[in-house]
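Asker: Submitted below is the structure of interest, expressed as structure tokens.
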Amino acid sequence: MRILTKNFYNRPTLEVARDLVGKHLVRVLDDGTRLAGRIVETEAYTQDDPAFHGWGLLDRRTGALKPEGRGRDLFGKPGTAYVYLTYGVHWLMNVVTEPEGTGGGVLLRAVEPLQGLASMYARRARAQRDIDLANGPGKLAQAFGIDGALHNTPFTEPPLYATDPEGEAPLAVETSSRIGITRGVDLPWRFYAADNPYVSRGAPSDVAQARKRRAKQGAMA
DNA sequence: ACGAGGATGCTCT
DNA sequence: GAGCATCCTCGTG
727 MRILTKNFYN
737 RPTLEVARDL
747 VGKHLVRVLD
757 DGTRLAGRIV
767 ETEAYTQDDP
777 AFHGWGLLDR
787 RTGALKPEGR
797 GRDLFGKPGT
807 AYVYLTYGVH
817 WLMNVVTEPE
827 GTGGGVLLRA
837 VEPLQGLASM
847 YARRARAQRD
857 IDLANGPGKL
867 AQAFGIDGAL
877 HNTPFTEPPL
887 YATDPEGEAP
897 LAVETSSRIG
907 ITRGVDLPWR
917 FYAADNPYVS
927 RGAPSDVAQA
937 RKRRAKQGAM
947 A
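Residues 727 to 947, numbered by my numbering, are exactly what the first sequence covers, in order.
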């Protein structure tokens, strides 16, 4: 099990997002407990993407980068954790991609738990089955004990990193539009393992918005 | 099965 | 004040 180093993340974001499917996520808790899981779902966010945090930090004409603002750290060193709170409730975990100075990140959306399940259940009080432990980005962070304390820390060494599970057969990867966003909804930048039950249950945003439009039409008729 | 709505804090307008 | 890269519960079919 080789730890994925900075070089792995210092590449185009879409490549990193696809290649992370099938890799293992490892988290070592403060008490030494080792948690691990197979990454089965990711999403890519790039600086040319209206859904990107800090879309607007980059001045397209001059190339100048605003020094402050949300998403600024996505322009930092590749292989760094970018952890933020959404809806005031849930922590979401990304890893920074692309060379320093170029914006990009990959959201970890779902993991198949492999090791440390008892510890995951302890934090995921509502989970009834292994499938419910980390089949969504907020659940994943909670199961693996990931919060804002890990923001801007290396994703290339303990206590948080990914490994290449040498010897495991590569997973078939499918794509769709991303989940839970309102901008950039048509970009097919979600990557997930085909026919894997640990993938999250959310509907891609293009599908969700089409369904909403149909419901509105039905209500008017 | 599915949809509506609430929780809750931070960023940006 | 609005809007979230979400999750959970509680209604109704």
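Glycine included, C-beta positions come from ideal geometry on N, C-alpha and C.
Can you look up L876 in the DSSP assignment and give me helix, strand or coil?
Answerer: To locate residue 876, count along the first sequence from 1; it is residue 150. Helix.
Asker: If we ignore side chains and look at the alpha-carbon of each, how far apart do A867 and M727 end up?
Answerer: Within the first sequence, numbered from 1, the residue matching residue 867 stands at position 141. Within the first sequence, numbered from 1, the residue matching residue 727 stands at position 1. Taking the straight line from one Cα to the other gives about 22 Å.
Asker: Would you say D890 and S903 are within 9 Å of each other, going by their C-beta atoms?
Answerer: Counted from its first residue, the first sequence places residue 890 at position 164. Counted from its first residue, the first sequence places residue 903 at position 177. Against a cut-off of 9 Å, the Cβ pair of S903 and D890 comes out as no contact.
Asker: Hey, K749 and A888 are a contact pair by Cβ (cut 8 Å); roughly how many whole angstroms apart?
Answerer: As a working mapping, residue 749 is identified with position 23 in the first sequence. As a working mapping, residue 888 is identified with position 162 in the first sequence. Confirmed, Cβ separation roughly 5 Å.
Asker: Determine the extent of the alpha helix (DSSP H) in which R849 is found, giving its start and end residues.
Answerer: Along the first sequence, read from residue 1 onward, the residue named residue 849 stands at position 123. Boundaries of the alpha helix (DSSP H) around R849: L843 to R849.
Asker: First and last residue of the alpha helix (DSSP H) that includes N820?
Answerer: By 1-based counting over the first sequence, the position of residue 820 is 94. Note, N820: premise wrong, no alpha helix (DSSP H); beta strand (DSSP E) at H816 to V822.
Asker: Terminal residues of the continuous beta strand (DSSP E) containing V752?
Answerer: Residue numbering aside, residue 752 sits at position 26 when the first sequence is read from its first letter. Counting along the chain, the beta strand (DSSP E) containing V752 begins and ends at H750 to V754.
Asker: Using only alpha-carbon positions, find the residue among L834, R916 and E824 that is nearest to K732.
Answerer: Taking the first residue of the first sequence as 1, we reach residue 732 at position 6. It is E824.
Asker: Whole angstroms are fine: how far does the CA of V933 sit from the CA of L886?
Answerer: Taking the first residue of the first sequence as position 1, residue 886 is located at position 160. Taking the first residue of the first sequence as position 1, residue 933 is located at position 207. Taking the straight line joining both Cα atoms gives about 34 Å.
Asker: Could you tell me the alpha carbon to alpha carbon distance between R937 and A929, rounded to whole angstroms?
Answerer: Here residue 937 refers to the residue found at position 211 when the first sequence is read from its first residue. Here residue 929 refers to the residue found at position 203 when the first sequence is read from its first residue. Spanning the two alpha carbons is a distance of roughly 10 Å.
Asker: Look up G831 in the DSSP assignment and give the residues it is bridged to.
Answerer: As a working mapping, residue 831 is identified with position 105 in the first sequence. G831 pairs with Y771 and V822.
Asker: Would you check if the region 757-766 and the region 788-805 touch, i.e. whether three or more CB-CB distances between them fall below 8 Å?
Answerer: no
Asker: Identify, in the order they occur along the chain, each residue of the same chain with its Cβ nearer than 8 Å to the Cβ of E883, setting aside the five sequence neighbours on each side.
Answerer: Against the first sequence, residue 883 aligns to sequence position 157. These residues qualify, in order along the chain: I729.
Asker: Between which two residues does the beta strand (DSSP E) harbouring L740 extend?
Answerer: As a position in the first sequence, residue 740 is number 14, starting the count at 1. Per DSSP, L740 belongs to no beta strand (DSSP E); it is in the alpha helix (DSSP H), T739 to L746.
Asker: If we call anything under 9 Å between Cβ atoms a contact, is G797 one with G780?
Answerer: For the purposes of this step, residue 797 is taken as residue 71 along the first sequence, with counting starting at 1. For the purposes of this step, residue 780 is taken as residue 54 along the first sequence, with counting starting at 1. For G797 and G780, yes; Cβs fall inside 9 Å.
Asker: Less than 9 Å separating the beta-carbons of V832 and D799?
Answerer: Start at 1 with the first residue of the first sequence, and residue 832 comes out as number 106. Start at 1 with the first residue of the first sequence, and residue 799 comes out as number 73. No, the pair does not count as a contact, with Cβ atoms beyond the cut-off.
Asker: Roughly how many angstroms separate the alpha carbons of G827 and F801, rounded to a whole number?
Answerer: Working through the first sequence from its first residue, we reach residue 827 at position 101. Working through the first sequence from its first residue, we reach residue 801 at position 75. Approximately 5 Å between the Cα atoms of the pair.
Asker: What is the DSSP secondary structure of F778, reduced to helix, strand or coil?
Answerer: The residue given as residue 778 occupies position 52 in the first sequence. Correct three-state label for F778: coil.
Asker: By the 10 Å Cβ neighbour count, where 16 or more other Cβ atoms means buried, how is G862 classified, buried or exposed?
Answerer: On the first sequence, position 136 is the one that residue 862 refers to. Looking at its Cβ environment, which holds 16 or more other Cβ atoms inside 10 Å, G862 is buried.
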